[in-house]
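Numbering (full-length UniProt numbering), first residue to last: 1 to 597. We put the CB at the ideal spot given by N, CA and C, even for glycine. Note that this is a predicted model, so its numbers are computed, not measured. Just below is one structure, and these are the notes that go with it.
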Amino acid sequence: MKKVITLTLLTAAISGCSVNIHAPHRVSTEDEQTPITKAHSTSPLQTYIDQDWAIKLAASVQLASSMGDNTQAGKLDDLSPEHLASIHQQQLNLLNKLKSMSTSSLSEDDKINKQILQYQLQNSIDMYRFHDHYLPITAESGFHAYIASISKGQFKTESDYRQYLNQLAQLPRYFEQQIHWLTKGLEAGNTPPKVTLTGFEDSISAFIVPVEDNGYFSPFTRMPAHFSASLKSELTAQGQQVIKNAVLPSYQKFYDFMTEQYIPNARVNIAASSLPNGHSFYENRVRYYTTLPMSSDEVHQLGLKEVARIRNEMQQVIKDVGFKGSFAEFLHFLRTDPRFYPKTAEELLKEASFIAKKADAMLPKYFRKLPRTPYGIEPVPVEIAPKYTTGRYSGSNRDDQAGFYWVNTYALDKRPLYELPALTLHEAVPGHHLQISLNKELTTLPNFRRYSYISAFGEGWGLYSEYLGLEAGLYQDPYDNFGRLTYEMWRAARLVVDTGMHAKGWTRQQAIDFMASNTALSLHNVTTEIDRYISWPGQALSYKIGELTIKRLRKKAENELAEKFDIRAFHDAVLANGSVPMSVLEQEINHFIQQQK
Numbered sequence: 001m002k003k004v005i006t007l008t009l010l011t012a013a014i015s016g017c018s019v020n021i022h023a024p025h026r027v028s029t030e031d032e033q034t035p036i037t038k039a040h041s042t043s044p045l046q047t048y049i050d051q052d053w054a055i056k057l058a059a060s061v062q063l064a065s066s067m068g069d070n071t072q073a074g075k076l077d078d079l080s081p082e083h084l085a086s087i088h089q090q091q092l093n094l095l096n097k098l099k100s101m102s103t104s105s106l107s108e109d110d111k112i113n114k115q116i117l118q119y120q121l122q123n124s125i126d127m128y129r130f131h132d133h134y135l136p137i138t139a140e141s142g143f144h145a146y147i148a149s150i151s152k153g154q155f156k157t158e159s160d161y162r163q164y165l166n167q168l169a170q171l172p173r174y175f176e177q178q179i180h181w182l183t184k185g186l187e188a189g190n191t192p193p194k195v196t197l198t199g200f201e202d203s204i205s206a207f208i209v210p211v212e213d214n215g216y217f218s219p220f221t222r223m224p225a226h227f228s229a230s231l232k233s234e235l236t237a238q239g240q241q242v243i244k245n246a247v248l249p250s251y252q253k254f255y256d257f258m259t260e261q262y263i264p265n266a267r268v269n270i271a272a273s274s275l276p277n278g279h280s281f282y283e284n285r286v287r288y289y290t291t292l293p294m295s296s297d298e299v300h301q302l303g304l305k306e307v308a309r310i311r312n313e314m315q316q317v318i319k320d321v322g323f324k325g326s327f328a329e330f331l332h333f334l335r336t337d338p339r340f341y342p343k344t345a346e347e348l349l350k351e352a353s354f355i356a357k358k359a360d361a362m363l364p365k366y367f368r369k370l371p372r373t374p375y376g377i378e379p380v381p382v383e384i385a386p387k388y389t390t391g392r393y394s395g396s397n398r399d400d401q402a403g404f405y406w407v408n409t410y411a412l413d414k415r416p417l418y419e420l421p422a423l424t425l426h427e428a429v430p431g432h433h434l435q436i437s438l439n440k441e442l443t444t445l446p447n448f449r450r451y452s453y454i455s456a457f458g459e460g461w462g463l464y465s466e467y468l469g470l471e472a473g474l475y476q477d478p479y480d481n482f483g484r485l486t487y488e489m490w491r492a493a494r495l496v497v498d499t500g501m502h503a504k505g506w507t508r509q510q511a512i513d514f515m516a517s518n519t520a521l522s523l524h525n526v527t528t529e530i531d532r533y534i535s536w537p538g539q540a541l542s543y544k545i546g547e548l549t550i551k552r553l554r555k556k557a558e559n560e561l562a563e564k565f566d567i568r569a570f571h572d573a574v575l576a577n578g579s580v581p582m583s584v585l586e587q588e589i590n591h592f593i594q595q596q597k
């Protein structure tokens with residue numbers, strides 16, 4: 001799914017990446033800042049690249065701080081109308097300059113840079129035009145949960161704590177600005193559908209707890225040993241005071257606003273096409289998330305074709321295990337038999353860890369280049385778990401910290417073990433951890449590419465990684481393979497239900513029924529996923545479109561290179577340029593084929 005990469009709010013908020021602007025990226029406040037990497041280009045394009053990066057830094061103080069700008073430490077983003085309008089105008093001016101620039105004198109690397117920079121700028125401009133800033137929440141969570149990640153930073157010095165106290169003191173202003181945009185959305189009819197907000201208030205009330213039990217207080221419980229007793233006492237008292245007087249009232253006010261005004265008056269129609277300028281908005285999202293000139297109808301038809309193909313493969317697995325009932329009866333069996341479900345959260349996490357180690361062992365056979373950064377496994381944070389997806393990858397922007405594969409341990413009777421191999425391959429390795437970590441290590445790339453995430457590429461790679469597990473023999477029995485197929489079917493069905501709901505008038509129940517009748521996902525997962533697609537139009541299309549493109553390019557390389565084809569060289573070539581649109585990937589693989597010849 002949409003990944004939690006801690007290329008932080010940088011990639012989420014301002015780079016035009018696949019990750020939603022409100023995606024759960026952890027923010028680092030580390031002492032040892034990530035150095036600003038200079039782009040390798042010396043062409044005239046570099047001027048525009050530098051201007052774009054300056055705009056990004058101005059748009060996100062968290063990004064600026066993490067890149068070494070100490071003047072931004074201890075601040076929170078300015079989301080005022082004036083500031084957002086200024087950023088938008090700067091991006092619009094830069095895009096116009098970029099479009100008028102000739103490519104004839106550009107190097108091959110800079111041609112790619114120009115394509116991707118233009119893609120990112122266009123998306124930022126489009127999203128401002130479609131009022132994406134009116135929607136700092138989704139069905140899964142929202143800004144109120146993601147901003148809490150400031151408490152997860154590195155606290156080593158007194159300055160770290162002073163800066164953190166400043167951030168906490170700014171939360172009332174930050175919440176006020178977000179509520180302002182939510183109110184504008186309410187007035188314009190631009191809200192998530194009401195049905196997707198059922199229980200949303202629970203993710204807010206999770207923060208309205210006694211000061212000492214609040215996650216924001218946690219940095220004050222782990223102060224460095226070298227701090228004097230008096231300093232510890234002073235900081236703790238200030239932390240208690242600001243959480244009591246600034247943090248808790250902000251969450252309470254937001255809770256009251258959501259329960260009394262926003263949720264009761266949220267729109268009823270689930271279709272993106274029902275939004276102001278909704279049809280244009282959805283077709284724009286289709287093109288953005290596929291990175292291809294596809295229409296919603298073309299995507300819908302492709303989805304139906306893929307669903308039929310995968311269904312035939314699933315029927316073969318049912319035959320192989322000797323099950324005598326119907327397809328629906330087999331799905332019921334998988335959803336209800338206790339043997340397929342963990343009894344404890346620890347069991348689920350241990351099983352995920354075991355599969356992850358087996359996946360680690362397959363890597364040398366399929367890749368020459370592996371990342372330096374390791375990864376660990378953690379449960380999805382409890383405050384967002386009930387409405388959260390099955391699993392996600394949460395990266396790090398620090399070289400002293402691992403990435404993490406998140407596994408949802410909420411509602412264990414809805415977390416089938418037969419799906420875990422495919423989930424692990426997708427979120428950890430050879431999926432998102434491998435791809436994102438290698439991307440960060442491409443230090444010759446300009447920052448706007450090094451710290452960005454293009455959904456069709458990243459999610460396509462994740463789904464392709466599930467397929468690689470089949471080649472590597474990581475699916476131990478037919479049930480594991482059925483889990484893989486149900487995950488592939490899940491992504492194929494997304495093409496159908498996302499376009500169905502947002503462009504073809506499908507109801508939410510129609511989408512739930514289609515997903516439930518074609519996959520072995522638990523009904524809880526089906527419902528949370530459908531609500532995610534409703535509140536995040538188009539993103540679910542990335543996976544299958546990206547995977548099919550990578551598979552098609554691999555087949556082309558295999559056919560043209562024959563005995564010269566090297567799977568490790570091919571995979572390294574796919575990942576060599578970081579996260580790129582599918583059109584750029586095709587250019588680069590064609591170039592790879594010619595080189596190999």
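Next item on the list: Flag this pair as yes or no: are the beta carbons of residue 139 and residue 365 separated by less than 8 Å?
Entry: Counted from its first residue, the sequence shown places residue 139 at position 139. Counted from its first residue, the sequence shown places residue 365 at position 365. Cβ distance not < 8 Å, so residue 139 and residue 365 don't count as in contact.
Notebook entry, point to check: Looking only at its own chain, which residues have a Cβ that is under 8 Å from the Cβ of residue 36, when we skip the five neighbours before and after it?
Noted result: Taking the sequence shown and counting its residues from 1, one reaches residue 36 at position 36. Reliability fails at residue 36, whose pLDDT of 39 lies under 50, so the model's placement of it is uncertain and the value that follows must be treated cautiously. Shown here for residue 36: same chain residues with a beta carbon closer than 8 Å to its own, the five before and five after excluded, namely 67, 68 and 447 in chain order.
Next item on the list: Mark residue 523 as exposed unless 16 or more other C-beta atoms lie within 10 angstroms of its C-beta, in which case mark it buried.
Entry: Residue 523 sits at position 523 when you count from the first residue of the sequence shown. The residue is exposed, with fewer than 16 neighbouring Cβ atoms inside 10 Å.
Margin query: I'd like the span of the beta strand (DSSP E) that includes residue 49, first residue to last.
Written below: Stepping through the sequence shown from its first residue, residue 49 is reached at position 49. Residue 49 -> not in any beta strand (DSSP E); alpha helix (DSSP H) instead, spanning 45-59.
Check: Over what stretch of residues does the beta strand (DSSP E) that includes residue 545 continue unbroken?
Finding: Along the sequence shown, read from residue 1 onward, the residue named residue 545 stands at position 545. Boundaries for residue 545: no beta strand (DSSP E) harbours it, while the alpha helix (DSSP H) harbouring it runs 542-561, taken from the DSSP string.
Check: Can you name the residues that DSSP bridges to residue 405?
Finding: For the purposes of this step, residue 405 is taken as residue 405 along the sequence shown, with counting starting at 1. Beta bridge pairing from DSSP links residue 405 with 377 and 393.
Note to self: Report the CB separation of residue 286 from residue 538 in whole angstroms; it is logged as a contact under 8 Å.
What the structure shows: Numbered from 1 along the sequence shown, position 286 holds the residue referred to as residue 286. Numbered from 1 along the sequence shown, position 538 holds the residue referred to as residue 538. Contact flag correct, Cβ pair sits at about 6 Å.
Notebook entry, point to check: Taking DSSP as the reference, what is the three-state secondary structure of residue 142?
Noted result: To locate residue 142, count along the sequence shown from 1; it is residue 142. Of the three classes helix, strand and coil, the one that applies to residue 142 here is strand, per DSSP.
Check: Whose CA, out of 246, 255, 423 and 380, lies closest to the CA of residue 488?
Finding: Position 488 of the sequence shown holds residue 488. When 246, 255, 423 and 380 are compared, the shortest CA-CA separation from residue 488 is found for 423.
Next item on the list: Compute the beta-carbon to beta-carbon distance between residue 403 and residue 373, rounded to the nearest angstrom, for a pair I have assumed lies under 8 Å.
Entry: Residue mapping note: residue 403 aligns to position 403 of the sequence shown, counting from 1. Residue mapping note: residue 373 aligns to position 373 of the sequence shown, counting from 1. About 6 Å; that satisfies the 8 Å criterion.
Item checked: For residue 592, three-class secondary structure by DSSP -> Numbered from its first residue, the sequence shown carries residue 592 at position 592. Here residue 592 sits in helix by DSSP.
Next item on the list: Can you say whether residue 595 is buried or exposed, counting buried as having 16 or more other CB atoms within 10 angstroms of its CB?
Entry: In the sequence shown, counting from the first residue as 1, residue 595 sits at position 595. Result: exposed.
Item checked: Per DSSP, the bridge partner or partners of residue 310 -> Along the sequence shown, one-based indexing puts residue 310 at 310. Looking at the DSSP assignment, residue 310 forms no beta bridge with any residue, so it has no partner.
Notebook entry, point to check: If you draw a straight line from the alpha carbon of residue 582 to that of residue 541, how long is it in whole angstroms?
Noted result: Here the question's residue 582 lines up with position 582 in the sequence shown. Here the question's residue 541 lines up with position 541 in the sequence shown. Cα to Cα, residue 582 sits roughly 13 Å from residue 541.
Check: Residue ranges of each beta strand (DSSP E) run of no fewer than 3 residues wholly in the region 475-515, ordered along the chain?
Finding: The region 475-515 contains no whole beta strand (DSSP E) run of 3 or more residues.
Check: Out of 408, 207, 86 and 318, which has the shortest C-alpha to C-alpha gap to residue 254?
Finding: One-based indexing of the sequence shown puts residue 254 at position 254. With distances taken between Cα atoms, residue 254 lies closest to 207.
Notebook entry, point to check: Among 556, 564 and 563, which one has its Cα closest to the Cα of residue 586?
Noted result: The residue given as residue 586 occupies position 586 in the sequence shown. Answer by Cα proximity: 556.
Item checked: Element boundaries [alpha helix (DSSP H), containing residue 532] -> In the sequence shown, counting from the first residue as 1, residue 532 sits at position 532. From DSSP, the alpha helix (DSSP H) with residue 532 extends over 523-535.
Notebook entry, point to check: DSSP puts residue 137 in a beta bridge; with which residues?
Noted result: If you number the sequence shown from 1, residue 137 lands on position 137. In the DSSP assignment, the residues bridged to residue 137 are 142.
Next item on the list: Kindly give me the distance between the Cβ atoms of residue 420 and residue 377, rounded to whole angstroms, as I take these residues to be in contact under 8 Å.
Entry: Here residue 420 refers to the residue found at position 420 of the sequence shown. Here residue 377 refers to the residue found at position 377 of the sequence shown. About 11 Å separates the CB atoms of residue 420 and residue 377; that is not less than 8 Å, and the two are not in contact.
Check: Do you know offhand how far residue 564's Cα is from residue 137's?
Finding: Taking the first residue of the sequence shown as 1, we reach residue 564 at position 564. Taking the first residue of the sequence shown as 1, we reach residue 137 at position 137. Spanning the two alpha carbons is a distance of roughly 50 Å.
Check: So residue 169 packs on residue 246, CB below 8 Å; how close in whole Å?
Finding: One-based indexing of the sequence shown puts residue 169 at position 169. One-based indexing of the sequence shown puts residue 246 at position 246. A Cβ-Cβ separation of about 5 Å places residue 169 in contact with residue 246 under the 8 Å criterion.
Notebook entry, point to check: How many whole angstroms separate the CB atoms of residue 390 and residue 525, which I take to be in contact at a CB cut-off of 8 Å?
Noted result: As a working mapping, residue 390 is identified with position 390 in the sequence shown. As a working mapping, residue 525 is identified with position 525 in the sequence shown. Between residue 525 and residue 390 the Cβ distance is about 6 Å, and since that is below 8 Å, they are a contact.
Note to self: So, does the region 58-66 touch the region 102-118, judging by three or more C-beta pairs under 8 Å?
What the structure shows: Contact between the region 58-66 and the region 102-118 is absent: fewer than three C-beta pairs spanning the two stretches fall below 8 Å.
Notebook entry, point to check: Would you report the Cα separation of residue 622 and residue 154, rounded to the nearest angstrom?
Noted result: Residue 622 is absent from the model: the chain starts at 1 and stops at 597.
Margin query: Going by DSSP in three states, residue 154 sits in which element: helix, strand or coil?
Written below: As a first step, residue 154 is located in the sequence shown; it is residue number 154 there, counting from the start. Under the three-state reduction of DSSP, residue 154 is assigned to coil, being neither helix nor strand.
Next item on the list: Quick one: give me the first and last residue of the alpha helix (DSSP H) that residue 93 is part of.
Entry: Counting from one through the sequence shown, the residue named residue 93 turns up at place 93. DSSP places residue 93 inside the alpha helix (DSSP H), whose first and last residues are 81-99.
Next item on the list: Tell me whether the beta-carbon of residue 362 lies closer than 8 Å to the beta-carbon of residue 474.
Entry: Stepping through the sequence shown from its first residue, residue 362 is reached at position 362. Stepping through the sequence shown from its first residue, residue 474 is reached at position 474. Against a cut-off of 8 Å, the Cβ pair of residue 474 and residue 362 comes out as a contact.
Next item on the list: Tell me the start and end of each unbroken alpha helix (DSSP H) in the region 211-289 that is at least 4 residues and wholly inside, in chain order.
Entry: Taking only runs of at least 4 residues, the alpha helix (DSSP H) segments lying wholly in the region 211-289 are 229-242 and 248-257.
Notebook entry, point to check: Ordered along the chain, which non-local residues of its own chain (more than five positions away) have a Cβ less than 6 Å from that of residue 263?
Noted result: By one-based count along the sequence shown, residue 263 stands at place 263. Short of 6 Å from the beta carbon of residue 263, and not among the five residues preceding or following it, lie these beta carbons of its own chain, in chain order: 197.
Check: Would you say residue 417 and residue 340 are within 8 Å of each other, going by their C-beta atoms?
Finding: On the sequence shown, residue 417 is found 417 positions in, with the first residue counted as 1. On the sequence shown, residue 340 is found 340 positions in, with the first residue counted as 1. Taking 8 Å as the Cβ cut-off, residue 417 and residue 340 qualify as a contacting pair.
Notebook entry, point to check: What's the call for residue 392, buried or exposed, on a 16-neighbour Cβ count within 10 Å?
Noted result: Taking the first residue of the sequence shown as position 1, residue 392 is located at position 392. It is buried - the Cβ of residue 392 has at least 16 other Cβ atoms within 10 Å.
Margin query: If contact is defined by three or more beta carbon pairs under 8 Å, each pair taking one atom from either stretch, is the region 478-498 in contact with the region 304-323?
Written below: Contact between the region 304-323 and the region 478-498 is present: 3 or more CB-CB pairs across the two stretches fall below 8 Å.
Checklist line | For residue 428 and residue 584, the rounded distance between their alpha carbons | finding: The sequence position of residue 584 within the sequence shown is 584, counting from 1. The sequence position of residue 428 within the sequence shown is 428, counting from 1. Going by the C-alpha atoms only, they are around 25 Å apart.
Item checked: Three or more C-beta pairs below 8 Å linking the region 462-469 and the region 547-556 -> Between the region 462-469 and the region 547-556 there are three or more C-beta pairs closer than 8 Å, enough to call the two in contact.
Next item on the list: Please go through the same chain and pick out, in chain order, the residues whose beta-carbon is closer than 7 Å to the beta-carbon of residue 562, but skip the five residues on each side of it.
Entry: Indexing the sequence shown from 1 puts residue 562 at position 562. Result list for residue 562: empty, nothing under 7 Å.
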